[in-house]
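There are 2 protein chains.
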Amino acid sequence: MSFELTILGNSSATPTLDRHPSAQYLNLLEHHILIDCGEGTQTQMSKYKIRKSKIEHIFISHVHADHILGLPGLIFTMNLNQRTIPLHIYGPQSIFEIIDMFLKHSETALKFEIIRHVTNHQITEIILENALVKVTSFPLFHRVPTTGFIFQEQRKLKRINMQACDKFHIPFTYFNDLKRGKDYMSADGKTYIENEKLTFDAGSALSYAYASDTIFDERVAASVEGVKVLYHESTFAHEKLERAIETMHTTAIQAGEIAKKAKADKLIIGHFSSRYTDLNELLFEAKTQFENTELAIEGKTFIIE
Amino acid sequence: MSFELTILGNSSATPTLDRHPSAQYLNLLEHHILIDCGEGTQTQMSKYKIRKSKIEHIFISHVHADHILGLPGLIFTMNLNQRTIPLHIYGPQSIFEIIDMFLKHSETALKFEIIRHVTNHQITEIILENALVKVTSFPLFHRVPTTGFIFQEQRKLKRINMQACDKFHIPFTYFNDLKRGKDYMSADGKTYIENEKLTFDAGSALSYAYASDTIFDERVAASVEGVKVLYHESTFAHEKLERAIETMHTTAIQAGEIAKKAKADKLIIGHFSSRYTDLNELLFEAKTQFENTELAIEGKTFIIE
Numbered sequence: 014m015s016f017e018l019t020i021l022g023n024s025s026a027t028p029t030l031d032r033h034p035s036a037q038y039l040n041l042l043e044h045h046i047l048i049d050c051g052e053g054t055q056t057q058m059s060k061y062k063i064r065k066s067k068i069e070h071i072f073i074s075h076v077h078a079d080h081i082l083g084l085p086g087l088i089f090t091m092n093l094n095q096r097t098i099p100l101h102i103y104g105p106q107s108i109f110e111i112i113d114m115f116l117k118h119s120e121t122a123l124k125f126e127i128i129r130h131v132t133n134h135q136i137t138e139i140i141l142e143n144a145l146v147k148v149t150s151f152p153l154f155h156r157v158p159t160t161g162f163i164f165q166e167q168r169k170l171k172r173i174n175m176q177a178c179d180k181f182h183i184p185f186t187y188f189n190d191l192k193r194g195k196d197y198m199s200a201d202g203k204t205y206i207e208n209e210k211l212t213f214d215a216g217s218a219l220s221y222a223y224a225s226d227t228i229f230d231e232r233v234a235a236s237v238e239g240v241k242v243l244y245h246e247s248t249f250a251h252e253k254l255e256r257a258i259e260t261m262h263t264t265a266i267q268a269g270e271i272a273k274k275a276k277a278d279k280l281i282i283g284h285f286s287s288r289y290t291d292l293n294e295l296l297f298e299a300k301t302q303f304e305n306t307e308l309a310i311e312g313k314t315f316i317i318e
Numbered sequence: 014m015s016f017e018l019t020i021l022g023n024s025s026a027t028p029t030l031d032r033h034p035s036a037q038y039l040n041l042l043e044h045h046i047l048i049d050c051g052e053g054t055q056t057q058m059s060k061y062k063i064r065k066s067k068i069e070h071i072f073i074s075h076v077h078a079d080h081i082l083g084l085p086g087l088i089f090t091m092n093l094n095q096r097t098i099p100l101h102i103y104g105p106q107s108i109f110e111i112i113d114m115f116l117k118h119s120e121t122a123l124k125f126e127i128i129r130h131v132t133n134h135q136i137t138e139i140i141l142e143n144a145l146v147k148v149t150s151f152p153l154f155h156r157v158p159t160t161g162f163i164f165q166e167q168r169k170l171k172r173i174n175m176q177a178c179d180k181f182h183i184p185f186t187y188f189n190d191l192k193r194g195k196d197y198m199s200a201d202g203k204t205y206i207e208n209e210k211l212t213f214d215a216g217s218a219l220s221y222a223y224a225s226d227t228i229f230d231e232r233v234a235a236s237v238e239g240v241k242v243l244y245h246e247s248t249f250a251h252e253k254l255e256r257a258i259e260t261m262h263t264t265a266i267q268a269g270e271i272a273k274k275a276k277a278d279k280l281i282i283g284h285f286s287s288r289y290t291d292l293n294e295l296l297f298e299a300k301t302q303f304e305n306t307e308l309a310i311e312g313k314t315f316i317i318e
């Protein structure tokens with residue numbers, strides 16, 4: 014099963030000719046997800062061959078225009094395309110007010126249901142969970158209520174060490190418990206074997222955290238600690254620190270610091286101000302703090318592994 | 014002074030990779046105007062080198078998402094760019110509710126004033142007039158309240174026939190009256206000369222009418238009668254007449270009929286359904302009714318002369 018992220022938009026508020034406002038497509042173990050939905054997302058999806066019909070979950074970090082203006086149009090297109098399966102939207106209450114206003118004024122009754130999940134920007138909470146995946150929202154620190162999201166596999170099951178199980182004559186009916194980490198105790202209570210002797214470790218669960226938009230704040234690093242891949246906004250170079258603080262955004266150096274503090278494996282920076290024509294300036298800065306940094310280039314797919 | 018129309022978006026609700034939702038830029042005798050503002054208009058303006066700062070008037074036909082989703086982002090970009098000059102917006106009351114909701118939720122106080130002109134889709138009325146130009150809104154017939162717009166020069170003044178005026182010894186203090194079409198009567202009441210003997214005709218005033226979106230309705234032809242250039246939506250080919258009626262749109266043949274009935278000089282068709290990859294099918298159909306038809310191709314500039 015895939016865990017892959019495709020960048021659809023990497024621009025901050027003002028788009029450029031080749032950079033679009035925030036939007037990402039995430040295939041999270043065959044859960045098809047949009048993260049933010051800036052103006053032009055529909056067209057970016059077409060360009061990168063992502064079918065609109067398969068999107069089941071949309072996560073909205075906050076209701077600044079550059080993160081949401083693509084959403085009403087996408088909803089209307091889904092409706093024109095005769096969608097009937099429900100669409101889950103996660104975001105602040107205000108995004109639903111905006112959707113409702115568009116529906117009201119366009120006098121449109123959707124053929125599918127929008128299932129509303131209101132996020133709370135003041136706490137960390139699980140907002141989607143099933144046997145395969147878990148999504149958590151966490152506070153960001155911006156000019157309006159904003160949350161980040163952590164997308165992760167559920168903890169992987171341990172793998173059975175067949176040779177050891179054979180040796181100790183473990184009945185296969187115990188295998189599910191062993192995969193979940195339980196030690197072995199025979200039915201008659203006479204034989205006890207520690208789980209580690211009967212299984213292999215599965216490695217850590219994969220995870221991806223999305224942090225946009227926010228001022229530099231170490232609480233973000235704490236929220237995403239140990240994440241595999243961290244996307245962090247990096248609107249400005251550090252010489253624009255004052256502007257970053259004023260607008261509650263982050264500089265590239267600061268994004269690197271957050272990744273370092275969070276002990277992430279990889280950092281992806283995005284949400285670039287339109288003033289930068291050469292993004293390597295931002296990449297270079299982030300790398301001074303955190304070497305394994307990459308630019309969120311539109312159309313690029315990151316495999317989370 | 015220029016009277017030029019540039020097409021920024023020619024798509025109906027669902028954009029394609031190379032066609033964007035409705036938006037047009039009109040230079041009306043140095044009045045810089047946007048007509049509708051679909052998703053992606055900002056980027057299209059950058060692509061075709063139309064400066065956002067010079068736009069002073071935005072006309073919104075109706076509040077379907079594909080005609081307005083570019084507007085909040087454009088307003089925020091103008092604000093980020095430190096705009097201070099007022100922006101006139103003409104449209105139904107609902108567009109202002111939508112703008113207000115975006116401003117509220119983004120907690121943004123604009124640095125410039127939005128001057129609101131609420132249109133009335135039930136009557137024809139002048140909504141902008143000065144010494145040079147006049148803009149009139151007129152009813153269209155769509156699923157939500159919709160208006161078209163006629164943009165025109167004020168009636169041109171007649172030109173003085175200097176030779177004739179010399180011959181009849183007309184004092185130049187009478188010239189302004191002559192230009193406005195008055196006959197000549199000498200101060201002593203003894204000499205009377207008809208205006209036509211002393212002036213040349215100025216030709217008719219130039220005009221451009223925008224009609225999108227609407228079901229086929231002859232009242233539209235009546236509203237725009239005698240217009241120089243008519244833009245009329247042409248969402249479908251005529252074989253999709255039933256779908257056109259159901260969605261309250263027009264077919265290419267019908268658009269040609271309206272142009273013929275209106276006695277326009279030229280017809281431009283647009284608002285094409287994403288199902289058409291070859292637009293010549295629509296062009297051919299319209300031409301069966303009205304030969305001087307052109308396609309609204311994005312980036313193309315039509316000089317109204």
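First to last, the protein sequences are chains A and B.
Reading the first sequence from the start, the letters are residues 14 to 318 in this note's numbering.
Reading the second sequence from the start, the letters are residues 14 to 318 in this note's numbering.
We put the beta carbon where it would ideally sit given N, CA and C, even for glycine.
As the structure is a prediction and not an experimental result, all values here were calculated from the model.
Length of the line joining the Cα atoms of residue i and residue j
i, j, result
"G194/B", "H251/B", "46 Å"
"Q106/B", "I112/B", "10 Å"
"P85/A", "L141/A", "23 Å"
"I266/A", "S287/A", "18 Å"
"H262/B", "T29/A", "33 Å"
"K171/B", "H284/A", "57 Å"
"A257/A", "A268/A", "12 Å"
"L123/A", "K124/B", "37 Å"
"I71/B", "I102/B", "5 Å"
"M114/A", "L42/A", "34 Å"
"E138/A", "R156/B", "42 Å"
"A215/B", "M14/B", "16 Å"
"F109/B", "G83/A", "19 Å"
"K62/B", "L21/B", "11 Å"
"L296/A", "I282/A", "8 Å"
"A272/A", "I317/A", "16 Å"
is_contact[residue i, chain A] using C-beta, thresh 7 Å
i, result
"S150/B", "no"
"E52/B", "yes"
"G86/B", "yes"
"T97/B", "no"
"S59/B", "yes"
"P184/B", "no"
"T27/B", "yes"
Minimum Cβ-Cβ distance from residue i to chain B less than 7 Å
i, result
"H118/A", "yes"
"H77/A", "yes"
"F89/A", "yes"
"Q37/A", "no"
"V242/A", "no"
"V157/A", "yes"
"F297/A", "no"
"Q55/A", "yes"
Simplified DSSP state of residue i, which is helix, strand or coil
i, result
"M114/A", "helix"
"S150/B", "strand"
"E238/B", "coil"
"A257/B", "helix"
"I282/A", "strand"
"I266/B", "helix"
"E120/B", "coil"
"M14/A", "coil"
"E231/A", "helix"
"F109/B", "helix"
"I271/B", "helix"
"N189/B", "helix"
First through last residue of the alpha helix (DSSP H) which encompasses residue i
i, result
"P85/B", "G83 to L93"
"T29/B", "Premise fails: T29/B is in no alpha helix (DSSP H) and is neither H nor E."
"N293/B", "N293 to Q302"
"T306/A", "T306/A -> not in any alpha helix (DSSP H); beta strand (DSSP E) instead, spanning T306 to L308."
Range covered by the beta strand (DSSP E) that runs through residue i
i, result
"R129/B", "I127 to V131"
"D49/A", "H44 to C50"
"F164/A", "T160 to E166"
The ligand NAD heavy atom lying under 6 Å from the CB of residue i
i, result
"T227/B", "Among the ligands in the structure shown, none appear at all, so the ligand NAD cannot be discussed."
Would the segment 150-166 of chain A count as touching the segment 220-234 of chain A if we require 3 or more Cβ pairs under 8 Å? yes
Sufficient close CB pairs (3 or more, under 8 Å) joining the segment 31-38 of chain A to the segment 46-64 of chain A: The segment 46-64 of chain A and the segment 31-38 of chain A touch, with three or more beta-carbon pairs separated by less than 8 Å.
So, do the segment 14-29 of chain A and the segment 70-79 of chain A have three or more beta carbon pairs nearer to each other than 8 Å? yes
Would you check if the segment 147-155 of chain A and the segment 129-137 of chain A touch, i.e. whether three or more CB-CB distances between them fall below 8 Å? yes
Using 8 Å as the Cβ pair cut-off and three pairs as the minimum, do the segment 225-245 of chain A and the segment 270-281 of chain A touch? yes
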